[in-house]
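Protein chains in written order, with my numbering: chain A, 14 to 310; chain B, 8 to 396. Note that beta-carbon positions come from the ideal geometry of N, C-alpha and C, so glycine has one too. The structure displayed is predicted, hence computed values, not measured ones. Remarks on the structure that follows.
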Amino acid sequence: MTVSTLPAYPARSARLKRISAEYPHALGLLLLAPMLSWIAVFFIFPTAWMIWQSFSERGLQPYATILTSAIYLKVLLTTLKICVITTVGCLILGYPVAYVLTTARPSTRAVLLILVVLPYWLDFIVRSYSWMILLGRHGLINQLVTGLGISSTSLPLLYNLFSVSIGMIQILLPLTILTLFSTMVRIDRRLVDAATIHGASPWRAFRTVFLPLSLPGVYAACLLLFVSALGFYVTPALLGGPEQTMISQTIMVIASDLLDWPLASAAGVLLLVVTTSLLVLYSRFFRLDRMLGGMAR
Amino acid sequence: MSVAALSAADDAARTSDAPRPDAGVEVRLERLSKSFGSVTAVDNVNLTIPAGAFVTLLGPSGSGKTTTLNLIAGFLAPDAGNIAFDGRPVASVPPHRRNIGMVFQSYALFPHMTVFDNVAYPLRMRNRLAREALTIRVGESLELVGLTKLEARYPRQLSGGQQQRVAMARALVSRPRLLLMDEPLGALDKKLRERLQGEIKDIHRRIGSTFVYVTHDQTEALTMSDLVVVMRDSRIVQVGSPRSVYEAPVDAFVADFLGGANLLPGEVMANERDAYAVRIANGRMISVPQTGASHAPGSKVLVFIRPEDVKISHSEEMVGNVVTTAAVVREVLFLGESFKVTAMVGPHPVVLRAPRVQAEGIEIGGHVMLAWPPERSRALAAPTGSVSP
Chain A
14 MTVSTLPAYP
24 ARSARLKRIS
34 AEYPHALGLL
44 LLAPMLSWIA
54 VFFIFPTAWM
64 IWQSFSERGL
74 QPYATILTSA
84 IYLKVLLTTL
94 KICVITTVGC
104 LILGYPVAYV
114 LTTARPSTRA
124 VLLILVVLPY
134 WLDFIVRSYS
144 WMILLGRHGL
154 INQLVTGLGI
164 SSTSLPLLYN
174 LFSVSIGMIQ
184 ILLPLTILTL
194 FSTMVRIDRR
204 LVDAATIHGA
214 SPWRAFRTVF
224 LPLSLPGVYA
234 ACLLLFVSAL
244 GFYVTPALLG
254 GPEQTMISQT
264 IMVIASDLLD
274 WPLASAAGVL
284 LLVVTTSLLV
294 LYSRFFRLDR
304 MLGGMAR
Chain B
8 MSVAALSAAD
18 DAARTSDAPR
28 PDAGVEVRLE
38 RLSKSFGSVT
48 AVDNVNLTIP
58 AGAFVTLLGP
68 SGSGKTTTLN
78 LIAGFLAPDA
88 GNIAFDGRPV
98 ASVPPHRRNI
108 GMVFQSYALF
118 PHMTVFDNVA
128 YPLRMRNRLA
138 REALTIRVGE
148 SLELVGLTKL
158 EARYPRQLSG
168 GQQQRVAMAR
178 ALVSRPRLLL
188 MDEPLGALDK
198 KLRERLQGEI
208 KDIHRRIGST
218 FVYVTHDQTE
228 ALTMSDLVVV
238 MRDSRIVQVG
248 SPRSVYEAPV
258 DAFVADFLGG
268 ANLLPGEVMA
278 NERDAYAVRI
288 ANGRMISVPQ
298 TGASHAPGSK
308 VLVFIRPEDV
318 KISHSEEMVG
328 NVVTTAAVVR
338 EVLFLGESFK
348 VTAMVGPHPV
358 VLRAPRVQAE
368 GIEIGGHVML
378 AWPPERSRAL
388 AAPTGSVSP
């Protein structure tokens, strides 16, 4: 691919021509070099160092500790539960919005897209704190509930599974909508017309034609959401109680409070392994390259 | 009824499986209008499509033909006017209850379904059939369009022509009384297009449904239709059998759009019994029959004559009742079966087809005589402003 595109860029000097003939990938590598070195220094090297550290001091012992300890397994389970809730919640809330975006007129679509993306530019922490103001014991919602006499005591809205899920869903919703939208917008609307004219009610046309064609986007969104949710730290820390401790928080505690770096590294490696295997399995089953590469048919 | 429609009915009667008399629906459009913002797409269209007819909406892009089709389908709601099927207004009937089959320009086959499921789709939505009955009906429909053994394939595994056939089979499977086709052959190469034109026409004869066919290709319209509806600028300009719109166009636009047309500017000098005496640019008076719109003496007209009706000769001697005029040859092109000759009558070109025998000795710059039967010509109103024939 790189080789065949090279002649399109006229080589200015004979020397450059000779170099590019001898090393067909030279130009590509040269352009990639800054990014590659950045990734090497700040990602590959630390990751390798983390993996090495998890084994170097006590061998497989840190892994055994995590995999046999009830606490760590519970945290892992909690993490998975929160991720599933977040993913499903995002899809349920995001799918209709993405659908409306595809049907809207271009001018309306632009406005809606800005509204969708706007929260994405706000900081995680700011958004999490704003939920604390809304959901707290003396927060806006509870003041409204007790003030109107709907309930005499304030509702337990904060520091539980509910608040963590709602916070994470809000943060990941723009990602959901954009992922779904990018698939849906490529679906030929004439297909829905074809279904309708051949006897399908609007709902059946949606169910038999639009929905199945939008599934690649749904699968892609599932994966992105789940993997993103796995690594959440700030939101569960601010909005959750001890019961909602997620794996990243645990790693943080092991590393900075217990100062057990091999154990923290092992937990990190396990998270990495889980995430990577999910990606591999997913791309096997759902042809991820097609989903992200723009394939609606 | 038109000659073409009658002969089509004859043919249909001769086939063994003649269609039921009620196989087609009559579609009536009354004062139909539709605008998109400030753009008028369909402007006060009145049209009656006879039951069982093959009707073509013909016009350049932007003439409103596709919008008209989408209004009949119910994808768009008219701003004004009525649509009636067999006399019953359909304004409140949603598209999925109009019992229409449709072939889309891009075919719009469902990419996630096999050929079988695509064709079975209307049956599954409309009729509750047992599995065996469904399989039989899908098989029949695929056989009708000449496509078998591909039921398990997906649309992307088919050629353009095969996809077109699947789209036809899907549109016909539930035996709709109205079939809409939106430039269904536009994406195919010329040879395949010509073959499918014949096949579609044949299917129409066999099932007898009303076919409404949108195209910008005049050959397609002329070969396939019982009735041609010529549209321009959101309006209907002329409705008639293929022969009548080809031979007696109402204006210069229709004349030119339906095929090569010679339009010689002239001035009406006199009204004699059934004919106008028209003086053309080289000063010659020619006779043009009085049909259609009437022209007062002194008015500017365009004398219309089809290239294939013009004969060329070296001598003044022309046999029979013909109109003749002198001309100078400007261009001779060899087309294979004939020559395309352009000759100048005064400053205006006349294009004609000369068979190889007739073209002997015709040279560029040579003086020739042109002749045509007066009944084949028409006097058309000259559009205000300049004309480029």
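Do residue i and residue j have their CB atoms nearer than 9 Å?
i         : j         : result
Phe92(B)  : Leu185(B) : yes
Pro354(B) : Ala288(B) : yes
Val173(B) : Tyr114(B) : yes
Leu179(B) : Ile143(B) : no
Ser40(B)  : Arg239(B) : no
Gly230(A) : Tyr172(A) : no
Asn106(B) : Pro183(B) : yes
Ala280(A) : Ile267(A) : yes
Gly180(A) : Ser214(A) : no
Val336(B) : Ile369(B) : yes
Val275(B) : Val308(B) : yes
Leu265(B) : Ala333(B) : no
Leu203(B) : Gln170(B) : no
Pro381(B) : Ile293(B) : yes
Val257(B) : Leu387(B) : yes
Leu174(A) : Gln257(A) : yes
So the candidates are the options; which of them puts its Cα closest to the Cα of residue i?
i         : options                                    : result
Glu190(B) : Phe111(B), Ala159(B), Val244(B)            : Phe111(B)
Val122(B) : Pro101(B), Val152(B), Arg104(B)            : Val152(B)
Pro314(B) : Thr74(B), Ala268(B), Val34(B), Tyr128(B)   : Ala268(B)
Ile79(B)  : Val49(B), Leu157(B), Pro381(B)             : Val49(B)
His211(A) : Ser241(B), Leu130(B), Val275(B), Leu76(B)  : Leu130(B)
Leu54(B)  : Leu234(B), Ala366(B), Ala389(B), Asp281(B) : Leu234(B)
Ile312(B) : Gly108(B), Ile107(B), Ala303(B), Val295(B) : Val295(B)
Glu344(B) : Glu338(B), Val364(B), Val336(B)            : Val364(B)
Val237(B) : Thr47(B), Val32(B), Thr75(B)               : Thr75(B)
Ala303(B) : Ala284(B), Asp316(B), Gly290(B)            : Ala284(B)
Ser148(B) : Gly167(B), Arg135(B), Tyr161(B), Arg177(B) : Arg177(B)
Phe223(A) : Trp65(A), Thr100(A), Leu147(A), Thr116(A)  : Thr116(A)
Thr288(A) : Arg297(A), Leu236(A), Val198(A)            : Leu236(A)
Pro96(B)  : Val310(B), Glu33(B), Leu387(B), Leu165(B)  : Glu33(B)
Leu294(A) : Leu271(A), Ala233(A), Thr248(A), Thr258(A) : Ala233(A)
Ala300(B) : Pro381(B), Ala389(B), Ala228(B)            : Ala389(B)
Leu195(B) : Phe218(B), Ser181(B), Thr217(B), Asp224(B) : Asp224(B)
Leu270(B) : Ser248(B), Leu342(B), Leu359(B)            : Leu359(B)
Ser165(A) : Ser176(A), Arg150(A), Val177(A)            : Arg150(A)
Leu283(A) : Glu256(A), Tyr76(A), Pro132(A), Gly160(A)  : Tyr76(A)
Arg118(A) : Asn134(B), Phe43(B), Pro67(B)              : Phe43(B)
Met132(B) : Leu40(A), Ala277(A), Val247(A), Arg217(A)  : Arg217(A)
Would you list the residues sitting across from residue i in a DSSP beta bridge?
i         : result
Gly273(B) : Ile287(B), Val308(B)
Phe346(B) : Phe341(B), Ala361(B)
Phe92(B)  : Val34(B), Arg95(B)
Asn278(B) : Tyr283(B)
Gly108(B) : Leu186(B)
Arg385(B) : Phe311(B)
Val295(B) : Tyr283(B)
His374(B) : Val335(B)
Met351(B) : Val335(B), Pro356(B)
Leu65(B)  : Thr222(B), Val237(B)
Lys318(B) : Ala378(B)
Ala87(B)  : Ser40(B)
Since residue i meets chain D, which of its residues come closer than 8 Å, beta carbon to beta carbon?
i         : result
Ala115(B) : As a matter of chain content, chain D is missing from the structure shown, whose protein chains are A and B.
- Taking Cβ-Cβ distances below 7 Å as the criterion, which residues of the stretch 252-267 of chain A are in contact with chain B? Under the 7 Å Cβ criterion, the stretch 252-267 of chain A contributes no residue.
- Which runs of the alpha helix (DSSP H) fall wholly inside the stretch 31-67 of chain A and span at least 4 residues, in chain order? The stretch 31-67 of chain A contains these whole alpha helix (DSSP H) runs: 39-52.
- Message: At 3 residues or longer, what runs of the beta strand (DSSP E) sit wholly inside the stretch 211-246 of chain B?
- Response: Those beta strand (DSSP E) runs which fall completely within the stretch 211-246 of chain B and span 3+ residues are 217-222, 234-239.
- Check each residue of the stretch 215-240 of chain B: if its Cβ is closer than 8 Å to any Cβ of chain A, include it; give the result in chain order. The stretch 215-240 of chain B vs chain A, Cβ under 8 Å: nothing.
- Message: Which complete alpha helix (DSSP H) runs does the stretch 61-125 of chain A hold, if anything under 4 residues is left out?
- Response: Considered as a whole, the stretch 61-125 of chain A harbours 74-81, 83-116 as its complete alpha helix (DSSP H) runs of no fewer than 4 residues, in chain order.
- Can you give, in chain order, each stretch of the beta strand (DSSP E) that sits fully within the stretch 224-259 of chain A and has at least 3 residues? Listed in chain order, there is nothing to give.
- Task: Could you tell me which uninterrupted beta strand (DSSP E) segments, each at least 3 residues in length, are contained entirely in the stretch 28-61 of chain B, listed from first to last along the chain?
- Result: Correct list: 34-43, 46-56.
- What are the complete alpha helix (DSSP H) segments, minimum 4 residues, inside the stretch 159-186 of chain B? DSSP runs (the alpha helix (DSSP H)) wholly in the stretch 159-186 of chain B: 167-179.
- Contact residues within the stretch 123-140 of chain B, judged by C-beta distance below 7 Å to chain A: Listed by position, the residues of the stretch 123-140 of chain B near chain A (Cβ gap below 7 Å) are Tyr128, Pro129, Met132, Arg133.
- Message: To be precise: take each residue of the stretch 140-164 of chain A, compare its Cβ to all Cβ atoms of chain B, and keep it if any distance is under 9 Å. Which residues remain?
- Response: Here the close residues number zero.
- Task: Give the residues from the stretch 197-213 of chain A that approach chain B closer than 8 Å (Cβ to any Cβ), ordered along the chain.
- Result: Of all residues in the stretch 197-213 of chain A, Asp201, Arg203, Leu204, Asp206, Ala207, Ala208, Thr209, Ile210, His211, Gly212, Ala213 have a Cβ within less than 8 Å of some Cβ in chain B.
- Message: Beta carbons nearer than 8 Å to chain B: which residues of the stretch 223-255 of chain A have them?
- Response: Going along the stretch 223-255 of chain A in chain order, one finds Pro225, Leu226 with a Cβ nearer than 8 Å to chain B.
- Task: Mind checking the stretch 75-102 of chain B against chain A and listing, in chain order, the residues whose C-beta falls within less than 9 Å of any C-beta there?
- Result: Result list: Asn77, Ala80, Gly81, Phe82, Pro101, Pro102.
- Message: Which residues of the stretch 162-177 of chain B have a Cβ closer than 7 Å to any Cβ of chain A? Give them in chain order.
- Response: Residues of the stretch 162-177 of chain B with a C-beta less than 7 Å from any C-beta of chain A: Arg163, Arg177, listed in chain order.
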